[in-house]
Each structure stands twice: as structure tokens, then as C-alpha cells.
Amino acid sequence: MSRVRPFGRLRPRSRTHVLPGFGLTMGFTVLYLSLIVLIPLSAVFLKAASLSAGELWQILSHRRVLASLEVTFYTSFAAALLNAVFGFLVAWVLVRYRFPGRRLVDGLIDIPFALPTAVAGIALTTIYSENGWIGRYLAPLGIKTAFSPLGIIIALTFIGLPFVVRTLQPVLEELEKELEEAAASLGATRWTIFRRVLLPELIPPLLTGFALAFARSLGEYGSVVFISGNMPMKTEIAPLLIMTKLEQFDYAGATAIAGLMLLLSFLLILTINLLQWRTSRRMLPR
Amino acid sequence: MHIHVKDLTKRFGGEDAVTGVTFAIEEGKLIGLLGPSGGGKTTILRMLAGLEQPTSGEIYFHGQRVENLLPQKRGIGFVFQNYALFRHMTVANNIAFGLDVQKRPRKETKERVHELLALTGLSGLGERYPHQLSGGQKQRVAFARAIAPEPQLLLLDEPFAAIDAKVRKELRTWLRELINRLGITTIFVTHDQEEAVEVADEIMVIHKGRLEQKGTPWDIYKEPQTPFVAAFIGESNLVEDCSRLKGFERAGGAKAMIRPEFIELFKFGETSLLSALEQGVVRSVFFRGTNWEVEVETGAHRLLAYRSLEKETLQAGDEVGLLIHRLYRFDDRSGSMVENTGKTDPMPIFI
Amino acid sequence: MAVPARAPAAVSRTSPRHLSEPAWIRAVLIALALLFLTLVLLLPLVTVFAEAFKRGAELYFASLREKNALSAIRLTLLVAAIAVPLNLVFGVAAAWAITKFRFRGKNLLLTLIDLPFSVSPVIAGLVFVLIFGSKGWLGPFLADQGLKVIFAVPGIVLTTVFVTFPFVARELIPLMQAQGSAEEEAAASLGAGGWRIFWKVTLPNIKWALLYGVILCNARAMGEFGAVSVVSGHIRGKTNTLPLHVEILYNEYNFSAAFACASLLVLLALATLGVKGLVEWKHGKR
Numbered sequence: 314m315s316r317v318r319p320f321g322r323l324r325p326r327s328r329t330h331v332l333p334g335f336g337l338t339m340g341f342t343v344l345y346l347s348l349i350v351l352i353p354l355s356a357v358f359l360k361a362a363s364l365s366a367g368e369l370w371q372i373l374s375h376r377r378v379l380a381s382l383e384v385t386f387y388t389s390f391a392a393a394l395l396n397a398v399f400g401f402l403v404a405w406v407l408v409r410y411r412f413p414g415r416r417l418v419d420g421l422i423d424i425p426f427a428l429p430t431a432v433a434g435i436a437l438t439t440i441y442s443e444n445g446w447i448g449r450y451l452a453p454l455g456i457k458t459a460f461s462p463l464g465i466i467i468a469l470t471f472i473g474l475p476f477v478v479r480t481l482q483p484v485l486e487e488l489e490k491e492l493e494e495a496a497a498s499l500g501a502t503r504w505t506i507f508r509r510v511l512l513p514e515l516i517p518p519l520l521t522g523f524a525l526a527f528a529r530s531l532g533e534y535g536s537v538v539f540i541s542g543n544m545p546m547k548t549e550i551a552p553l554l555i556m557t558k559l560e561q562f563d564y565a566g567a568t569a570i571a572g573l574m575l576l577l578s579f580l581l582i583l584t585i586n587l588l589q590w591r592t593s594r595r596m597l598p599r
Numbered sequence: 059m060h061i062h063v064k065d066l067t068k069r070f071g072g073e074d075a076v077t078g079v080t081f082a083i084e085e086g087k088l089i090g091l092l093g094p095s096g097g098g099k100t101t102i103l104r105m106l107a108g109l110e111q112p113t114s115g116e117i118y119f120h121g122q123r124v125e126n127l128l129p130q131k132r133g134i135g136f137v138f139q140n141y142a143l144f145r146h147m148t149v150a151n152n153i154a155f156g157l158d159v160q161k162r163p164r165k166e167t168k169e170r171v172h173e174l175l176a177l178t179g180l181s182g183l184g185e186r187y188p189h190q191l192s193g194g195q196k197q198r199v200a201f202a203r204a205i206a207p208e209p210q211l212l213l214l215d216e217p218f219a220a221i222d223a224k225v226r227k228e229l230r231t232w233l234r235e236l237i238n239r240l241g242i243t244t245i246f247v248t249h250d251q252e253e254a255v256e257v258a259d260e261i262m263v264i265h266k267g268r269l270e271q272k273g274t275p276w277d278i279y280k281e282p283q284t285p286f287v288a289a290f291i292g293e294s295n296l297v298e299d300c301s302r303l304k305g306f307e308r309a310g311g312a313k314a315m316i317r318p319e320f321i322e323l324f325k326f327g328e329t330s331l332l333s334a335l336e337q338g339v340v341r342s343v344f345f346r347g348t349n350w351e352v353e354v355e356t357g358a359h360r361l362l363a364y365r366s367l368e369k370e371t372l373q374a375g376d377e378v379g380l381l382i383h384r385l386y387r388f389d390d391r392s393g394s395m396v397e398n399t400g401k402t403d404p405m406p407i408f409i
Numbered sequence: 076m077a078v079p080a081r082a083p084a085a086v087s088r089t090s091p092r093h094l095s096e097p098a099w100i101r102a103v104l105i106a107l108a109l110l111f112l113t114l115v116l117l118l119p120l121v122t123v124f125a126e127a128f129k130r131g132a133e134l135y136f137a138s139l140r141e142k143n144a145l146s147a148i149r150l151t152l153l154v155a156a157i158a159v160p161l162n163l164v165f166g167v168a169a170a171w172a173i174t175k176f177r178f179r180g181k182n183l184l185l186t187l188i189d190l191p192f193s194v195s196p197v198i199a200g201l202v203f204v205l206i207f208g209s210k211g212w213l214g215p216f217l218a219d220q221g222l223k224v225i226f227a228v229p230g231i232v233l234t235t236v237f238v239t240f241p242f243v244a245r246e247l248i249p250l251m252q253a254q255g256s257a258e259e260e261a262a263a264s265l266g267a268g269g270w271r272i273f274w275k276v277t278l279p280n281i282k283w284a285l286l287y288g289v290i291l292c293n294a295r296a297m298g299e300f301g302a303v304s305v306v307s308g309h310i311r312g313k314t315n316t317l318p319l320h321v322e323i324l325y326n327e328y329n330f331s332a333a334f335a336c337a338s339l340l341v342l343l344a345l346a347t348l349g350v351k352g353l354v355e356w357k358h359g360k361r
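Read top to bottom, the protein sequences are chains A, B and C.
Per the numbering used here, residue 314 is the first one in the first sequence, and the count goes up by one each step.
Per the numbering used here, residue 59 is the first one in the second sequence, and the count goes up by one each step.
Per the numbering used here, residue 76 is the first one in the third sequence, and the count goes up by one each step.
Set out below in C-alpha cells:
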């Protein structure tokens with residue numbers, strides 16, 4: 314009853330894959346990746362390599378450069394810290410509590426991710442400048458937000474907000490109720506349960522979110538340049554310094570700083586990936 | 059021979075999942091690949107389908123070498139463990155998929171789909187989507203989809219693993235009848251020996267990537283060729299040295315497996331074959347619905363035996379005699395069934 | 076930077092008394108979280124519209140119809156129309172190659188694809204200046220041919236492609252990974268070839284994630300500021316995208332016009348989030 318089907322031509326060499334299209338898709342992927350990402354990025358390192366060690370040192374140890382790196386670093390760190398604390402709070406409230414408009418709020422968390430940085434920049438500057446909606450209350454208190462490092466921190470907090478929240482939410486959602494029930498049945502108070510049962514599970518994603526927000530803030534440009542005032546040595550961030558050097562055709566200087574920042578970013582990525590692999594969120598089977 | 063496999067080997071990373079498997083299958087037969095999880099049976103099935111590439115070995119369908127052919131070109135039907143129904147297509151479109159690929163005329167496709175829906179008891183469900191179906195229904199759609207293009211070989215990967223126990227039995231019977239009716243050569247994979255025994259014409263026992271034995275269910279049960287097969291099929295007691303048992307002194311000291319159904323228990327007076335009996339004491343008794351399961355201690359051994367419901371009920375503490383009809387004696391690689399030589403009583407007692 | 080792909084927002088469990096904090100604590104935490112979010116997220120959004128309409132609706136629309144604004148909008152649309160489809164094709168190809176086949180180096184490939192995420196936008200711009208700028212690798216060659224990449228539209232397109240490179244791939248890969256290859260294998264066993272398998276089996280299963288990836292890619296492409304700022308040259312009417320135009324207006328103290336144009340970008344961001352919500356809702360239905 315079964316119909317004998319005519320056989321296809323035997324392929325001369327043995328294939329390694331069953332589904333079709335490996336050669337095509339892989340080839341295109343690698344080609345495109347190389348053209349758009351790898352080769353351009355290598356330009357930085359090649360250019361930086363063309364400078365002698367002495368030149369590099371001279372560029373990087375210049376006071377203005379060091380100051381910009383310092384400003385970039387500690388404002389990013391502070392902002393990431395703020396995001397860690399408040400992001401944790403927001404994630405907790407969104408996952409564990411119900412209140413009207415919860416879904417709407419949850420959707421809005423991604424705004425910093427979808428909004429152009431320049432728009433965020435000018436909006437935040439307007440709010441925190443001396444006669445801005447918030448700035449006007451802070452000015453009499455002597456707190457300068459716009460055109461100060463504090464303003465930078467606020468802008469970076471905006472930018473980094475989704476990273477902590479979105480990294481924590483899935484973990485919070487997957488926490489087993491039974492863990493808490495077991496602890497409660499053993500007599501633990503809510504605070505103890507939080508401290509000894511829940512918090513340990515939440516530290517890894519919190520760290521990951523912190524690292525992501527931190528890395529993002531390091532390279533941020535658009536939202537910061539408006540609110541910072543870009544005063545060299547005080548509120549000038551490294552990306553802006555790179556931009557300035559480019560405008561002056563100081564390619565070497567710009568590249569040196571860029572190379573350093575790239576190195577830092579790569580290190581951070583590695584750390585983040587290690588953190589994520591450990592919590593097995595990015596494991597791909599062979 | 060319809061399907062012929064020679065020396066099939068598959069290596070993953072550093073390990074051999076399948077080693078040197080060779081077998082032949084006649085057309086129209088229903089073959090079960092049976093073995094514990096991870097033993098390589100699904101890998102063999104997938105190599106037959108073309109979903110995996112063998113590391114070495116040959117596969118022939120009707121004399122033609124196919125191991126390098128794409129699955130599209132082999133004329134097979136494959137039923138996946140979790141059905142793999144196209145979730146965005148209706149049941150009817152799922153079944154029609156293989157026919158559309160063959161570019162059959164619309165009318166013909168429609169008729170065939172209709173025919174298959176009726177055949178698999180799914181009439182009226184053609185416009186439903188997979189997520190609206192029960193497990194058993196999904197399985198039947200997967201089946202209908204696989205046989206729609208009239209394949210010459212049907213492959214089923216643990217078809218009933220994801221289905222409730224109750225539905226499973228019905229589906230098994232239904233599948234067996236349907237395949238017999240259609241006459242397609244079929245190979246299915248299972249780790250459930252009851253299923254294999256019930257459905258298959260022949261069973262191939264696969265363990266650690268090797269073919270342990272191929273034969274009818276009865277052959278495998280009666281004459282297991284390797285210790286693994288003997289232990290895998292049915293229940294067994296394990297004893298260290300069988301020559302210490304009465305009737306097996308000349309068997310040579312070696313390990314042995316004794317099936318509970320080959321041990322007969324006698325209360326005093328139930329038999330006259332006294333010299334062939336081991337003496338023992340009942341330790342515990344379990345009612346199992348169709349018979350009693352009796353745990354008996356004899357000498358150094360604790361053996362499980364069955365006791366018919368027709369006979370007098372045993373209780374813990376009773377003294378009984380055991381007659382071991384036969385056992386399976388084995389060493390590292392092979393074994394054989396040995397009959398109890400004391401069964402013909404050389405000293406009949408005449409009263 | 077990688078924001079992990081999220082499952083649709085789970086409905087938070089109404090926790091029984093022994094598993095949740097007392098009501099007053101909950102209220103306080105919710106209030107704190109909402110206050111933080113209002114300050115950091117909501118306020119900037121509201122500010123954009125408030126400032127945009129400060130001098131009346133007529134001026135608002137006039138700003139949008141102004142010549143340079145219109146050409147900025149046109150350029151933004153053009154850049155997106157090129158960058159998004161390119162990255163769409165790449166994203167699909169990469170996702171197919173990575174999720175349907177076994178090969179070594181998958182994690183490396185993933186990390187490489189993520190690179191543009193972790194690079195500061197300014198550095199992204201720098202990279203292309205180093206290659207195509209007048210003092211760059213190809214600078215002299217391009218000058219000879221009379222081709223302009225930097226300070227011209229091609230440079231803007233290239234940079235945007237770089238910056239939005241991973242978006243579609245990152246949306247598709249986790250989803251296709253989770254979906255597995257069983258349906259594709261089934262189609263292959265039924266005789267279907269590569270294209271048929273992709274169009275009829277894979278594509279319907281990924282269409283919502285694909286849509287979201289495209290929308291996100293588009294939002295970023297239209298809103299990119301830092302990278303484009305480096306390569307564009309800020310030539311009014313010619314090489315200004317909408318975000319750059321906003322910057323120019325703002326720096327000229329033409330606040331209302333700046334915010335008017337910014338409001339368009341905010342609407343884009345909100346539309347993006349709207350689509351995301353739609354996608355998650357659809358996914359929740361299945």
C-alpha cells in the first residue's frame with residue numbers, strides 16, 4: 314500500500330546539519346558582523362597601536378583627561394548605585410503588590426530605553442535648571458543640580474533605570490512561594506524571611522543589573538551633555554572630551570581615550586556575561 | 059529486506075551514543091526500539107530519519123543507500139515525542155502540509171485530509187488549532203500528518219510518553235490496529251517494556267548504544283541473550299551463586315537471574331517432588347490483584363515468587379518448599395537459560 | 076547593553092497575609108516607588124510637552140513645519156528606512172544560524188553581536204571617522220573619488236546601522252532558542268525545503284518578536300544622537316537628523332521649537348512602548 318517514492322540524488326559529501334540554510338545564514342552573519350562591527354572597532358585599536366607607549370601615556374595622563382575619566386566614573390557609579398536601590402524597590406513593588414495602574418507603570422519603565430537621549434537631556438536640564446520645576450526649590454537650598462555633577466548623576470539615573478528593574482523582575486517572578494511558606498512555618502518574621510531567604514537569591518541579578526547600568530552610564534553622551542554644562546575638569550565627561558578632540562582633529566588623543574574606554578567596557582561585559590552565565594540565563598546548548 | 063542498517067555509529071563530542079548497530083527489517087513490520095533513557099534509541103531513529111548524521115555506518119532503504127540523504131528525500135514519516143505540530147496552522151493544514159509540499163492538486167489534498175481525519179477519529183476538528191486539543195488528539199494529528207504523504211517508513215519517537223496513562227492504553231491499541239491496516243513499515247522508540255511487548259511484532263533492545271537483542275517479545279522473554287536483556291524484561295531475582303540451589307548443582311557457580319513466575323511455592327503436601335525443593339520461610343505476602351506476591355527466605359537468599367489465588371493463602375512465617383523451574387545463568391557478556399535438573403524426581407515416593 | 080528579554084509582565088499574586096508585609100508597609104513602599112518613578116520618568120515626559128506648547132499650539136505646529144525641521148525629519152526617516160531593514164535581515168539570518176544548528180563558538184558569536192550595545196555612541200562615531208574621515212584610512216581614496224562619507228548622509232547611515240545592529244537579533248534569539256527546532260524538523264521530514272520551512276513554519280512563530288525587534292531598532296535608529304553627532308557635521312538642512320536638530324534649536328535658546336521637535340520623538344517612544352505592550356499581550360494569549 315505504501316507508495317515507493319523516487320529517491321533524491323545522493324549528495325556527494327556528508328552534511329553536518331539537517332535543517333537547510335546554515336551556509337547561507339552563517340556566511341551572511343559573519344560577513345555583516347565583520348563589515349559593520351569588527352573591522353570598524355579594530356580601527357580604534359589599530360590607531361591606538363600606532364601610537365607609542367610614551368605618547369599614549371602622555372595623552373592619558375593629561376589632567377583634563379584624567380579629570381574627565383574621574384567624573385565619568387564616579388557619576389556612573391553613583392547613578393548605578395541609586396538605580397540599584399530604587400530599581401530594587403520598583404521591581405519589588407511591581408512584582409509583589411497590586412495597585413491601580415500597575416501594568417501601565419510597568420510599561421513605562423522602558424521609556425529610558427526607547428527615548429532618544431537628546432530629548433531626555435534637554436527635558437532634564439529644563440526641570441533641574443534654576444527656574445525649572447524642581448530646580449527652583451533646590452536653588453535656595455544651595456543645591457546646584459544643572460551644570461554640576463549632581464545633574465549628571467540624575468541624568469544617568471534616568472538612563473540606567475530599566476536595567477536594574479528588568480533584570481530583577483524575572484527573578485522575582487520566579488521565586489517560589491514555597492520557600493517563603495517554609496520559612497514562615499518555621500516561625501520566621503517577614504523581615505527575617507526577606508533578609509535570609511529572598512535577598513540572597515536577589516543579589517546576583519541585582520549585581521548584574523548594577524553592572525549593566527554602570528556600563529551603560531560610562532558611555533552615555535546625549536542625556537548628559539545638556540545638563541552637565543561640560544566644564545572641563547569639573548563636569549566634562551570622557552565621551553564629550555573624545556568629541557572635542559575629534560573636532561580639533563586630534564585623532565590620536567580621541568583614539569587613546571576611546572581605546573581605554575573600550576577596554577573598560579569589554580572588561581565590564583566579560584564580568585556581566587560571567588555573572589549571567591553563572592545564573593545560567595544565557596547558556597546556549599551546543 | 060526493506061530497511062537494512064550496517065554498523066551504524068554516532069559520536070557526540072567524545073562519546074559514542076550509538077556503536078556498531080546492525081539490523082534488518084522486513085517490509086510492513088512493526089518494530090519497537092526498547093531500552094532505558096539515554097541508551098541511544100532515539101539517536102538511531104533520528105539517523106534513520108535523516109535528522110542526525112551517522113559518524114559511520116550505512117543505511118539502506120530497499121537496497122538504496124540513504125545515510126547521506128536529506129530527510130526531505132527519504133520518504134519517511136516522523137512523529138515527534140512532543141508532537142511538533144505547527145502551532146499556527148489548523149489541524150487540517152497541519153495534515154495537508156506534506157501534501158502541499160508534493161504540490162498535489164487542491165481537491166486531492168482536501169479529500170485525503172478528510173479521509174485521514176476520519177481514519178484517526180478527528181472528524182470535525184479540522185479547523186481547530188493545536189492548543190485547543192487534548193494530548194491524545196494532538197498525537198493523532200501528528201500521526202495523520204506523518205502518514206498523509208504515504209511514506210514508506212514510519213518513525214515514532216516515544217509517541218505516548220507525554221500522554222496520561224489511561225489514554226495511553228487506548229491509543230496503543232488504536233495505533234497497532236491502524237498500522238496493521240495500513241501496512242507501513244514502522245519503527246517506534248519506547249522505554250516502556252509493557253508497551254513494546256504489547257504493540258511490536260519484534261523488539262530491539264538497545265542499551266548504551268548497542269543492540270543487545272532483536273526478536274519477538276516471546277523470544278526475548280524466553281531466551282534473553284545478554285544479562286541486560288534478561289534483567290530489563292520482566293521481573294527478576296538476582297542470586298550470586300546458582301550452583302548452591304537444588305537442581306542446579308551442575309550449572310557451575312555463577313550469577314543467575316530467577317523470574318518470580320518460574321518459582322513455584324508448595325505448602326506441605328501440595329507436591330511429591332520433595333527432593334527438588336528448596337526449603338524456605340515466608341517473610342511477607344502482598345496482594346497484587348491477579349496473584350499474590352510472596353517474599354520467601356531460603357538459606358542465604360530472599361526471593362520474590364508468585365502464588366496463584368486458587369491455592370491456599372500463605373502467611374508470614376509459613377514454611378514452604380520452592381521449586382525453581384529454570385533460571386538465567388550469566389557471566390559478564392552472555393548467559394543462557396538453565397532448566398532445573400531435579401524436576402524429574404529420581405526418587406519418586408510411592409504411597 | 077543587554078536588557079534581558081522579558082516574558083510578559085506576570086500578574087502579581089495576591090499574597091496571603093503570612094506571605095506579605097503589613098498593609099501600611101506596602102502602601103509606603105508603593106508610594107516611594109511611584110514617587111521615584113514620577114520624578115525620574117514621568118516628569119521629563121510631561122516637561123517636553125509642557126515646554127513645547129508653552130507659547131501656544133500655533134507656534135508648536137509652525138516649528139514642525141519649518142524648513143530645516145522638515146528636512147531633519149526626512150533625513151531621520153531615510154536613515155531609519157535603510158538601517159532597519161538591513162539589521163532586520165541580519166537579525167533573522169543570525170538568529171537562524173545560531174538557534175537551528177550546532178556549532179562551536181556560539182557564545183563568542185553572541186558576545187560579538189552584543190558589542191555595539193556596549194560601545195559608547197561617541198566611540199561608535201569615532202570609529203567611522205577613523206576609517207572614512209579626511210585623515211582616516213579611506214579618507215584620501217574617498218576624496219579622490221569625490222565621495223563623502225563623514226559629514227554626509229552615508230556616514231550617518233553607517234553609524235546608525237552600527238548602533239542598532241543587535242536589536243532584532245537579540246529579540247529573536249532567546250525566543251527561537253526556547254521554541255526549539257522540532258517544528259522545523261517535522262517540516263523537513265514532510266519534504267519541505269529551506270525557504271518553505273522558514274516562511275510557513277518559523278516566521279509565523281516569531282512574528283511578534285520580530286515586530287518588536289523592528290520597532291525597537293527603529294526607535295533607536297531615529298533617536299540616535301551621540302554617534303550621529305560625531306559624523307554628521309551638523310550642516311543645517313543637509314546632515315541633521317531630528318535629534319541633532321533639537322540640539323541646535325536648544326543651544327540657540329529656541330526652547331519651544333526644540334521641545335516641539337522633541338515631542339515628536341517622545342511620541343515615537345510612546346508608540347514603541349505601545350507596540351511592546353501589544354506584543355506582550357499577544358504572547359500572553361497563546
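The beta carbon of each residue, even a glycine, is placed where N, CA and C say it ideally should be.
Keep in mind that this is a model prediction, so the values were computed, not measured.
For R239 (chain B), the enclosing alpha helix (DSSP H) covers residues 223-240.
In the three-state scheme derived from DSSP, where H, G and I count as helix and E and B as strand, I349 (chain A) is classed as helix.
Nearest neighbour of P517 (chain A) by Cα position, chosen from A:R591, A:L559, A:V538, A:T385, turns out to be A:R591. Residue pairing by DSSP places N295 (chain B) opposite B:I316 in a beta bridge. Around the beta carbon of W405 (chain A), a 10 Å sphere encloses 16 or more other beta carbons of the protein chains shown; the residue is thus reported as buried. Within the segment 279-298 of chain B, contact with chain A at the beta-carbon level (separation under 9 Å) is assigned to no residue. Against V331 (chain A), the close residues of chain B are G108, L109, E110, Q111, L128, P129, in the order they occur along the chain (beta-carbon pairs closer than 8 Å). Taking a C-beta cut-off of 7 Å against chain B, the contacting residues of the segment 279-313 of chain C are P279, N280, listed in chain order.
Residue pairing by DSSP places L286 (chain C) in no beta bridge whatsoever. Interface annotation, S578 (chain A): in contact with chain C, CB-CB separation under 7 Å.
In the DSSP assignment, V63 (chain B) falls within the beta strand (DSSP E) that extends over 61-70. For D259 (chain B) and I291 (chain B), the gap between their C-alpha atoms comes out near 16 Å. One Cα belongs to R149 (chain C), the other to L217 (chain C), and the distance between them is close to 26 Å. T548 (chain A) counts as buried, since at least 16 other C-beta atoms from the protein chains shown sit within 10 angstroms of its C-beta.
Note on the segment 144-198 of chain B: there is no whole beta strand (DSSP E) run with a minimum of 3 residues. Cβ-Cβ distances below 6 Å link V149 (chain B) to L183, G184, R186, V199 in the same chain, with the five nearest sequence neighbours on each side left out; the list follows chain order. In the DSSP assignment, H265 (chain B) falls within the unbroken beta strand (DSSP E) covering 260-265. Between G338 (chain B) and L380 (chain B), the C-beta spacing is below 7 Å. Taking every protein chain shown into account, the CB of K275 (chain C) has 16 or more other CB atoms within 10 angstroms, so this residue is buried.
In the DSSP annotation of this structure, the continuous segment of the alpha helix (DSSP H) that includes V204 (chain C) starts and ends at 196-207. A residue is called buried once 16 or more other Cβ atoms fall within 10 Å of its Cβ, and Q190 (chain B), having fewer, is exposed.
Between C292 (chain C) and the set C:K313, C:V303, C:V236, the nearest pair of CA atoms involves C:V236. In the three-state reduction of the DSSP assignment, A567 (chain A) falls in the helix class. Note: H359 (chain B) is bridge-paired with B:T356 in the DSSP secondary-structure output. In the structure shown, T186 (chain C) falls within a helical segment according to DSSP collapsed to helix, strand and coil. Secondary structure within the segment 73-112 of chain B: the alpha helix (DSSP H) runs of 4 or more consecutive residues, fully enclosed, are 99-107 (chain order). Contact annotation, A565 (chain A) with E368 (chain A): C-beta distance approximately 7 Å; criterion of less than 8 Å satisfied. Listed along chain C, the residues sitting closer than 8 Å to Q160 (chain B) by beta-carbon distance are G266.
When 9 Å is used as the limit between beta carbons, G269 (chain C) is near these residues of chain A: L332, P333, G334, L337, in chain order.
Measuring C-alpha to C-alpha distances from L469 (chain A) to each of A:R409, A:Y534, A:Q561, A:L520 identifies A:Y534 as the nearest. Under a criterion of Cβ atoms nearer than 7 Å, the residues of chain C adjacent to G156 (chain B) are, in order, L265, G266.
Inclusion of V224 (chain C) and V154 (chain C) in the CB contact set at 7 Å is not warranted, their separation being larger than that value.
Taking C-beta atoms under 8 Å as the contact rule, G115 (chain B) and K64 (chain B) qualify, at a distance of about 6 Å. Under the DSSP assignment, G115 (chain B) falls outside any alpha helix (DSSP H), being part of the beta strand (DSSP E) whose first and last residues are 114-119.
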